[in-house]
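So the structure is just underneath, and the comments pick up after that.
Number of protein chains: 2
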Amino acid sequence: MSLLGIDLGGSKLALAIFTEDGSLLLRESIPLGKRIGSEVGKLVNDRIRILLETSKRNGTEIDSIGISVPGINNTSTGKIWAPNIQGWNNYPLLAEVMEVTGNIPVIIDSDRACYILGEVWSGNARGCKDAVFLAVGTGIGAGILVNGEILRGSNDIAGAIGWMALNRPFEDKYTECGCFEYHASGEGIAKVTREYLKKSRDYSGYLSDRDIENIKASDLFAAYENGDSLATEVIDQCVEFWGMAVANIVSLLNPEKIIFGGGVFGPANKLIPAIRKEALKWAQPIGIKQVTFDVSGLAGDAGVFGAGYLAFRNLQKSDNSK
Amino acid sequence: MSLLGIDLGGSKLALAIFTEDGSLLLRESIPLGKRIGSEVGKLVNDRIRILLETSKRNGTEIDSIGISVPGINNTSTGKIWAPNIQGWNNYPLLAEVMEVTGNIPVIIDSDRACYILGEVWSGNARGCKDAVFLAVGTGIGAGILVNGEILRGSNDIAGAIGWMALNRPFEDKYTECGCFEYHASGEGIAKVTREYLKKSRDYSGYLSDRDIENIKASDLFAAYENGDSLATEVIDQCVEFWGMAVANIVSLLNPEKIIFGGGVFGPANKLIPAIRKEALKWAQPIGIKQVTFDVSGLAGDAGVFGAGYLAFRNLQKSDNSK
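Here the protein sequences line up with chains A and B, keeping their order. Residue 36 in my numbering sits at position 36 of the first sequence; the count goes up by one each step and never skips. Start counting at 1 in the second sequence, then tack on 1000, and there's your number in my numbering.
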């Protein structure tokens, strides 16, 4: 059996062919470049067409296709809302893709759903039925697996934990992206660092000669590695927010595993013991002792592996219903 | 078809017989009195035996039994942890009950799971597949329905939202019951009121002639109805916590409906519009606009209805697997 997994991101498209046990047979990656709107859809379709033809010639025909999208897939319409791809407000990806896929089943899901599915198939959540992928990159989202199934909610937007309320009272600055994301996403870390630098006029540390407006989360982590006091203060606060959020996930969902991923984990991986210590204070005491924390086992490939597993599960489901 | 629903609470036992469409045929309620440990188990078994015999004589034999327990049911062992029943640390309820039930299927679940099941069957969540029952009584817990199934987590303790982290930094007083429960449960409201009264030495309002140590949530609500300023302050803070917690449920789970129940809703029902207003500030903006808030349609009977529905669903499942 051959499975085609497709991970459409905000800046690149990755495609991979897998065997049914999650072994990678082929992988390609194409930058989106300046493509917007239907040009992105055309790129996806072109690559699918080429891979289907090649596979057919090689005698390894694709049996099922899964697609991860950087946003929300409306399961009832197959249309996509992807804020980082211009013109993808309600984009008919499923209908378009089906023009080239013929009888091969196609299924689409959000990137956060695919991240946890990828980890379950081939990463650090293998064997788990109740697990959460906490993706902390530019923004924050969670892929949630409950009893072996993706938790999607009544309108496919479950896992929007960047909006988690953790710091009362409400401030207007939370309106655009949510409280948790404001304080502890990659973009949030940069924003908070800028706020701290503007307030600390007598600061003369690692970041003092930098252009404040262009500070990035990576600069903050570099300063933290250098023992910079302001960076330590910002990171300590992030650890508090991450710990509280993880505690809330544990108390509400009682998962067996939480995977930390996204661009920030990465450099924040070494903070996981401190995050656990913070979460231990807040969370339901039995649940927090039972849950395991881990980093992503697939790094940047969780999405494409997840899309492959999505394809596999979709095939299994249609086989079972026959 | 006749279904026996049993709601074992911390202070009373309720039993009811239902038809398969959720109509109530008979209902009885017995105070636990001073019973502890196996005396409670014996009471449950005695009542089951009597109801089974009566039903048999009436020609309406019981087809299935569901039991709601005030704590955690370990689904793999059938043993119960119920902190409000002395001696029920790991109580073998399922094994005991099966001594009198013969071939009739028996299933046990937590009270919070039964609350939302009851509302789905016969209350204000009818037709819902993704809904949450927020139970605010002495403590706080949530019954969570995801895609028509109870979310129980890896060890049956999902929904422990009394532990939700909402107010940083952590304070030692949260250790025993969790931050959200400390501030906004029935017991929490009384505790916070006592704290406020002790701090406000020049207070001379509705509660000033009361014995501070015996203040209850109901006293606070009475004072609030009277426009008391201290009570208004406490309630406003509760609304903030309830709003934040509801926002987090919405952002994480994307439910179509949240039902407010337990002893506090009740008197706090009229605060639901204010809670919605607070939640609107914090939550994922699409999800919070889509979700409906409602009060319990079954009040104190949500548990026994839920146990009845549990019995019905269990029968359906075993029929389907044949």
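Yeah, the Cβ is synthetic: ideal placement off N, Cα and C, and Gly gets one too. Bear in mind the structure is a predicted one, so any value in this text is a computation, not a measurement.
Could you spell out where the beta strand (DSSP E) holding residue i opens and where it closes?
{"i": "A/A16", "result": "K12 to T19"}
{"i": "B/T1292", "result": "T1292 to V1295"}
{"i": "B/F1260", "result": "K1257 to G1261"}
I believe residue i touches residue j by the beta-carbon criterion, under 8 Å. Please report the beta-carbon distance rounded to the nearest angstrom.
{"i": "A/A245", "j": "A/L166", "result": "7 Å"}
{"i": "A/E119", "j": "A/G297", "result": "6 Å"}
{"i": "B/I1272", "j": "B/L1280", "result": "Not really, about 13 Å apart at Cβ, beyond 8 Å."}
{"i": "B/G1308", "j": "B/E1278", "result": "B/G1308 to B/E1278, Cβ: 35 Å. No contact."}
{"i": "B/L1145", "j": "B/I1116", "result": "5 Å"}
{"i": "A/V132", "j": "A/I275", "result": "That pair is no contact at about 13 Å."}
{"i": "A/N254", "j": "B/I1157", "result": "5 Å"}
{"i": "A/V291", "j": "A/E256", "result": "6 Å"}
{"i": "A/G71", "j": "A/W88", "result": "7 Å"}
{"i": "B/G1141", "j": "B/A1135", "result": "5 Å"}
{"i": "A/G78", "j": "A/A95", "result": "6 Å"}
{"i": "A/L207", "j": "A/D236", "result": "Wrong, their Cβ atoms sit about 16 Å apart, outside the cutoff."}
{"i": "A/A190", "j": "A/I215", "result": "6 Å"}
{"i": "B/I1062", "j": "B/I1104", "result": "6 Å"}
{"i": "A/P14", "j": "A/S38", "result": "Reading off the sequence, residue 14 of chain A comes out as Ala, not Pro. Not confirmed; about 20 Å, so no contact."}
{"i": "B/A1111", "j": "B/V1069", "result": "According to the sequence as given, residue 1111 of chain B is Asp; it is not Ala. Yes, they are in contact, since the Cβ atoms of B/D1111 and B/V1069 sit about 7 Å apart, within 8 Å."}
Reducing DSSP to helix, strand and coil, say where residue i ends up.
{"i": "B/Y1309", "result": "helix"}
{"i": "A/D111", "result": "helix"}
{"i": "A/S29", "result": "strand"}
{"i": "B/D1063", "result": "strand"}
{"i": "B/K1079", "result": "strand"}
{"i": "A/D319", "result": "helix"}
{"i": "A/S369", "result": "The structure shown has nothing for residue 369 of chain A, since chain A only spans 1 to 322."}
{"i": "A/N73", "result": "strand"}
{"i": "B/L1151", "result": "coil"}
{"i": "A/Y203", "result": "coil"}
{"i": "A/T232", "result": "helix"}
{"i": "B/C1177", "result": "coil"}
{"i": "A/I264", "result": "For the record, residue 264 of chain A in the displayed sequence is Val; it is not Ile. Reduced to three states, the DSSP call for A/V264 is coil."}
{"i": "A/W88", "result": "coil"}
{"i": "B/A1302", "result": "helix"}
{"i": "A/I157", "result": "coil"}
{"i": "A/D130", "result": "coil"}
{"i": "A/N124", "result": "coil"}
{"i": "B/N1269", "result": "helix"}
Using the DSSP secondary-structure output, state which residues sit across from residue i in a beta bridge.
{"i": "B/G1141", "result": "B/A1135"}
{"i": "B/N1167", "result": "A/N167"}
{"i": "A/D7", "result": "A/A14 and A/S68"}
{"i": "A/V106", "result": "A/I65"}
{"i": "A/L24", "result": "A/F18"}
{"i": "A/V146", "result": "A/E149"}
List, in order along the chain, the chain B residues whose C-beta lies closer than 8 Å to that of residue i?
{"i": "A/K12", "result": "Near A/K12 there are no residues of chain B at all, since even the closest Cβ is about 26 Å away, more than 8 Å."}
{"i": "A/A125", "result": "Neighbours of A/A125 on chain B: none; closest Cβ ~12 Å, over 8 Å."}
For a contact defined as C-beta to C-beta under 7 Å, what are the partners of residue i on chain A?
{"i": "B/A1158", "result": "L252, L253 and N254"}
{"i": "B/N1248", "result": "M164, A165 and N248"}
So which residues of chain A does residue i contact, with C-beta pairs closer than 9 Å?
{"i": "B/G1287", "result": "G153, S154, N155, I157, A158, A160 and W163"}
In chain A, what lies closer than 8 Å to residue i by C-beta?
{"i": "B/K1281", "result": "F170, Y174 and T175"}
{"i": "B/M1244", "result": "A165 and R168"}
Closer than 9 Å by beta-carbon distance: list the chain B residues that pair up with residue i, in chain order.
{"i": "A/E240", "result": "R1168, P1169 and F1170"}
{"i": "A/Q316", "result": "By Cβ distance, chain B contributes nothing, its closest Cβ being about 18 Å from A/Q316, past 9 Å."}
{"i": "A/Q86", "result": "Those within 9 Å of A/Q86 in chain B number zero; the least Cβ separation is about 20 Å."}
Go to residue i, then tell me how far its alpha helix (DSSP H) extends in each direction, as first and last residue.
{"i": "A/N226", "result": "Element bounds for A/N226: n/a, residue is neither H nor E."}
{"i": "A/A190", "result": "G186 to K199"}
{"i": "A/G41", "result": "G37 to R57"}
{"i": "A/K277", "result": "I272 to W282"}
{"i": "A/T101", "result": "L93 to T101"}
Could you list which residues in chain B have their beta carbon closer than 7 Å to that of residue i, in chain order?
{"i": "A/C114", "result": "Within chain B, no residue comes near A/C114; the closest Cβ sits about 18 Å away, beyond 7 Å."}
{"i": "A/D130", "result": "G1153 and S1154"}
{"i": "A/V146", "result": "V1146 and L1151"}
So with CB distances below 8 Å, who are the chain D contacts of residue i?
{"i": "A/Q290", "result": "The chain inventory of the structure shown lacks chain D, comprising the protein chains A and B."}
Any heavy atom of the ligand FMN within a distance shorter than 7 Å of the CB on residue i?
{"i": "B/Y1115", "result": "Among the components of this structure there are no ligands whatsoever, and the ligand FMN is therefore not found."}
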